[in-house]
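Numbering (my numbering), first residue to last: 7 to 205.
We treat Cβ as the ideally placed atom computed from N, Cα and C, and that holds for glycine.
Please read all numbers here as calculations on a predicted model, not as lab measurements.
Okay, so here's the structure we're looking at.
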């Protein structure tokens with residue numbers, strides 16, 4: 007199952023209008039940058055976990071990707087700790103983890119059509135300035151969907167690492183994630199071009 011595809015459900019997050027979800031995600035993402043202490047970053051991560059859990063999504067849709075998210079955050083934390091210090095590592099893990107989980111929750115509970123519709127309405131006033139709002143709505147929609155795609159790349163890299171019996175390290179995990187992410191972006195670009203989309 008692709009984690010970038012919305013999963014049907016009847017939770018409060020599924021019922022919440024797409025505009026509210028995207029607006030909340032935007033505010034939360036911006037808020038991550040003003041968090042200055044690691045306790046607040048960890049609190050934000052805890053809230054994001056609760057939001058994802060409250061969506062009542064099937065565990066089968068979360069189990070594999072969640073492992074990949076944990077590994078991704080562990081690698082991020084270790085790199086930050088090695089390059090800077092422990093406080094910076096905790097703050098980075100909290101910020102990135104919260105942003106990823108919130109974007110993932112929105113992606114799993116909101117169909118792509120709804121995301122595009124909301125973004126097109128929000129950008130409509132810019133048409134008077136000659137802005138191609140359909141183009142930018144698609145760009146922003148792809149940006150939201152790119153988070154679960156990155157998680158998917160991390161999941162595949164982690165599964166490949168385990169299958170080969172390799173220990174967790176930047177070389178065995180981070181590099182394959184980047185390679186898979188680039189490959190996925192190239193496939194997406196080819197698919198858009200095949201459908202007549204002009205960049």
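Is DSSP giving residue 22 helix, strand or coil here? coil
Between the Cα of residue 110 and the Cα atoms of 137, 167 and 54, which residue gives the shortest distance?
-> 54
Worksheet item: Can the beta-carbon of residue 50 be found closer than 9 Å to that of residue 104?
Response: yes
Original post:
How should residue 138 be labelled, buried or exposed, when 16 other C-beta atoms within 10 angstroms of its C-beta is the threshold for buried?
Top reply: exposed
Check your understanding: Is the CB-CB distance between residue 76 and residue 108 below 9 Å?
Key -> no
Since I believe residue 61 is in contact with residue 15 (beta carbons under 8 Å), could you give me their beta-carbon distance rounded to a whole number of angstroms? 7 Å
**OP:** Compare the beta carbon distance of residue 125 and residue 13 with 9 Å and say whether it is the shorter of the two.
**Re:** no
9 Å Cβ cutoff, residue 70 in contact with chain C: Absence of chain C from the displayed structure is noted, only one protein chain being present.
Discussion item. I'd like the list of long-range same chain contacts for residue 183, defined as Cβ closer than 7 Å, with 5 residues on each side in sequence excluded.
Written reply: 159, 160 and 163
Quick one: residues in its chain with C-beta nearer than 6 Å to the C-beta of residue 52, no 5 flanking neighbours on either side, listed in chain order?
none
### Query
What distance in whole Å lies between the Cβ atoms of residue 79 and residue 102, which are believed to be in contact at a cut-off of 8 Å?
7 Å
Cβ distance (whole Å) where residue 38 is taken to contact residue 96 below 8 Å: The pair is not a contact, with the Cβ atoms about 14 Å apart (cut-off 8 Å).
Among 94, 129, 59 and 165, which one has its Cα closest to the Cα of residue 19?
59
**Study point:** residue 96: first and last residue of the uninterrupted alpha helix (DSSP H) it sits in
**Key:** 92-115
task = Flag this pair as touching only if the segment 21-28 and the segment 116-123 have three or more C-beta atom pairs under 8 Å; answer yes or no.
result = yes
Leaving out five residues on either side along the sequence, give the residues of the same chain with a beta carbon under 6 Å from the beta carbon of residue 8.
Residue placement at residue 8 is flagged as unreliable, the pLDDT there being 44, under the threshold of 50; the coordinate-derived value follows with that caveat. Same-chain partners within the cutoff: there are none.
With DSSP collapsed to three states, give me the class of residue 37.
-> helix
Worksheet item: Out of curiosity, what's the CA-to-CA distance linking residue 132 and residue 171?
Response: 53 Å
inquiry  = Just verifying my parser: in three-state terms, what is the DSSP assignment at residue 58?
reply    = helix
Secondary structure at residue 138, three-state DSSP: helix, strand or coil? coil
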